[in-house]
Structure formats: C-alpha cells, structure tokens
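Trainee: The sequence shown: position 76 = 73 (the working numbering), numbered continuously. By construction, the Cβ of each residue, glycine as well, lies at the ideal position given by its N, Cα and C atoms. Computed from a predicted structure; not experimentally measured.
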Amino acid sequence: MRLAIEEARVSLREGNSGFGAVIIKGRDVISKAHDTDKTSGDPTQHAEMNVIRSAAAEFGGDLSDCVLVSTHEPCPMCSTAILWAGISEVAYGYPIKEAIEQGCKRVDLSLTEIFNRAAKKIVVHENVLHEACAILYNRAVRGSIDQLRGADEKRLKRLARDLSEKRLKWFSNHCSSFAGSNEDILEAGYRVFLKKLRITQDQADIASCDNTSLVLHSKNFCPTLEACKILGLDSRFVCRHLTEAPTTDLLRQVHPKLRFSRNYDKLRPRSNYCEEMIILDE
-2 MRLAIEEARV SLREGNSGFG AVIIKGRDVI SKAHDTDKTS GDPTQHAEMN VIRSAAAEFG
58 GDLSDCVLVS THEPCPMCST AILWAGISEV AYGYPIKEAI EQGCKRVDLS LTEIFNRAAK
118 KIVVHENVLH EACAILYNRA VRGSIDQLRG ADEKRLKRLA RDLSEKRLKW FSNHCSSFAG
178 SNEDILEAGY RVFLKKLRIT QDQADIASCD NTSLVLHSKN FCPTLEACKI LGLDSRFVCR
238 HLTEAPTTDL LRQVHPKLRF SRNYDKLRPR SNYCEEMIIL DE
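1. Can you tell me which of the three DSSP states MET(-2) falls into?
2. Go ahead and pull the three-state DSSP assignment for HIS214.
3. I'd like to confirm the pairing. Which residues does DSSP put opposite LYS22 in its beta bridges?
4. Going along the chain, which residues of its own chain have a beta-carbon closer than 7 Å to the beta-carbon of GLY83, five neighbours each way excluded?
5. Would you list the one or two residues that DSSP bridges to ILE203?
6. Can you tell me which of LYS102, LEU183, THR109, MET74 puts its alpha carbon nearest to the alpha carbon of ALA88?
7. As a quick exercise: from LEU0, LEU194, ASN208, ASP159, pick the residue whose alpha carbon is nearest that of LEU183.
8. Mind the definition here: the stretch 231 to 239 touches the stretch 257 to 264 only if three or more C-beta pairs lie below 8 Å; say whether that holds.
9. For THR240, which residues of its own chain have a beta-carbon under 6 Å away from its beta-carbon, when the five flanking residues on both sides are left out?
10. Can you tell me whether LEU248 is buried or exposed? The criterion is at least 16 other CB atoms within 10 Å of its CB, across all chains shown.
11. Answer with yes or no whether the minimum CB distance from LEU228 to chain B is below 8 Å.
12. For THR122, count neighbouring C-beta atoms within 10 Å of its own C-beta (all shown protein chains included) and say buried if the count is 16 or more, exposed if not.
13. How would you label THR41, buried or exposed, when you count the other beta carbons within 10 angstroms and need 16 or more for buried?
14. DSSP beta-bridge partners for GLY17?
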C-alpha cells in the first residue's frame, strides 16, 4: 500500500487526481501505476486500469493469483476490469462511501456488490492504511495542494496577503471581544490562535511561558503540512512565506505588540512537532 500511496502522490504532483495502485504476484510487485486521466485527456486512465494494462502487457491478460492494491476503492469501471483480468484479491485504503460523504463525486456502487453480482469470489481487504490513504482525499489537503502546486515565493506572498484578509475578517466576526481584553495578553493571543485553527490545547500544548513569550509544541492535523509532504515541498519555506505574517496580523488584533514566530529547526515533518511562539514585543 505504501507503494500505491507514493504513486498517488506522483499523480497529484503531475496535476492528476491522486489515485495509486500496484499489482503483486507472489512476493513480487509486477506493476505499479497512478491515474493519468487529466494529463492524458483519456477518462478511462484510472490507476487500476493503468496498472492492469501494464501488467497485462508484460504478463498476458490472465492475472489470476495476483493481488491488486489501491489507495481508493475501485470504481465500477475498474472493479469490472479486475473481474475480467482474473485478479483474485483486492486491498484498498479509502472507501467510496466516505468519499461521497465528504462531497466527492463518485458512483455509489461498491466493488463487493459488483463482485457479488458477478458471482465471483474475490477476497477483499478494506481500509488498509486507511488514515494514510484518507489524507490523499481530504478536501482541505486537496485545497492546499491546488494552492501550492508550482508556487514560488512571489505566489506564496500573494496567498499570504489573501490569508491575512480572511483572518482579519474572521476575527472581526468571531473574536472582536478579545481586542482590548483585560485578560493576560499572551493567554488571549493563545486562545485566539486555538480558536482560529479549530484545535484543542493538547494539540498545541504550552512547552514554556514567561512574561514575553509563549512557546507551543503543535501536533494538530495541518492541511498545509500534508500538501507539502505530498508535493515534495519544503515546509519551512512554505510556512515562512505563507502563514507566519497572517498569523501575526491575526494576533495583533488582540494586541498590537503580539507577534507570531516559529523555530524552523523544529518543524514537521523534520520534527515530531512544530515549535511555534506567540511573542509580546516590548
């Protein structure tokens, strides 16, 4: 499955839809592929179709005793191709049902239903490395991928300006009571930070605090981080130019001397957490 996930990442880097598949015979991977329907203009070039074509070209059309592993539950077209190829076992990570629940366009027909209607006994393993596969189809991650694919410093700074505007509008609508609050300034900034990112304190716990700074070790799910990992981008470069200034702009709505910073030597995925700081300048 990890090979299939890497194929899906290659797909997303190329501008395709992020599906990966491999075929295994015995202990050997005999074929691996990803979807190319967008870049090729051929709507049938799904990952499973491509991996079956590749294996069949080398080993012939009978793929009995082979296992197909896919990051996403195969669609009806691909499920039928699996039947015709004689594949005896299928494993997938992310189910069609969850994709539909997330708002994705899918044909609401499971591969097990297709196999049952064909009276074909094919062993199916569901939700293999489900969490890792689900990240590939997470809508927020997909949004970040679309923003960051091919982005240079100039584009990141333009995105940062847009993000600042959104965060200031959000503050005005949801947190204006924090402005000029009598509570501790750093604590107020921290509370706004948590609220905006929709995370809990244990996901960004306070590692240290004094009168001028509050140091956080953030471990929350981050779509930008996941997009960087998928696209092969340096999260330090992206976060420095994309999110640092907008977060400072947000915090300064609480108090004009608040500022946001990071320790870029301790930033995921190179560290187990992101060391982030809310600073009160003198």
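Mentor: Taking the structure as given:
1. Numbered from its first residue, the sequence shown carries residue -2 at position 1. Coil.
2. Counting from one through the sequence shown, the residue named residue 214 turns up at place 217. If DSSP states are grouped into helix, strand and coil, HIS214 belongs with the strands.
3. As a working note, residue 22 is residue 25 in the sequence shown. In the DSSP output, where bridge partners are listed per residue, LYS22 has ASP25, CYS63.
4. Counting from 1 along the sequence shown, the entry for residue 83 is found at position 86. In the same chain as GLY83, and ignoring 5 residues on each side of it, the C-beta atoms closer than 7 Å to its own belong to ASP59, LEU60, SER61, in chain order.
5. Counted from its first residue, the sequence shown places residue 203 at position 206. Beta-bridge pairing links ILE203 to LEU213.
6. By one-based count along the sequence shown, residue 88 stands at place 91. Answer by Cα proximity: THR109.
7. As a working note, residue 183 is residue 186 in the sequence shown. Closest option to LEU183, Cα to Cα, is ASN208.
8. yes
9. The residue labelled residue 240 in the question sits at position 243 within the sequence shown. Contacts found: none.
10. Reading the sequence shown from its first residue, position 251 is the one you call residue 248. LEU248 is buried by the Cβ-count criterion.
11. As a matter of chain content, chain B is missing from the structure shown, which is built from one protein chain.
12. To locate residue 122, count along the sequence shown from 1; it is residue 125. As written in the sequence, residue 122 is His, which differs from the Thr given in the question. Exposed.
13. On the sequence shown, residue 41 is found 44 positions in, with the first residue counted as 1. Per the 10 Å Cβ criterion, exposed.
14. Translated into the one-based positions of the sequence shown, residue 17 becomes position 20. DSSP lists HIS31 as partners of GLY17.
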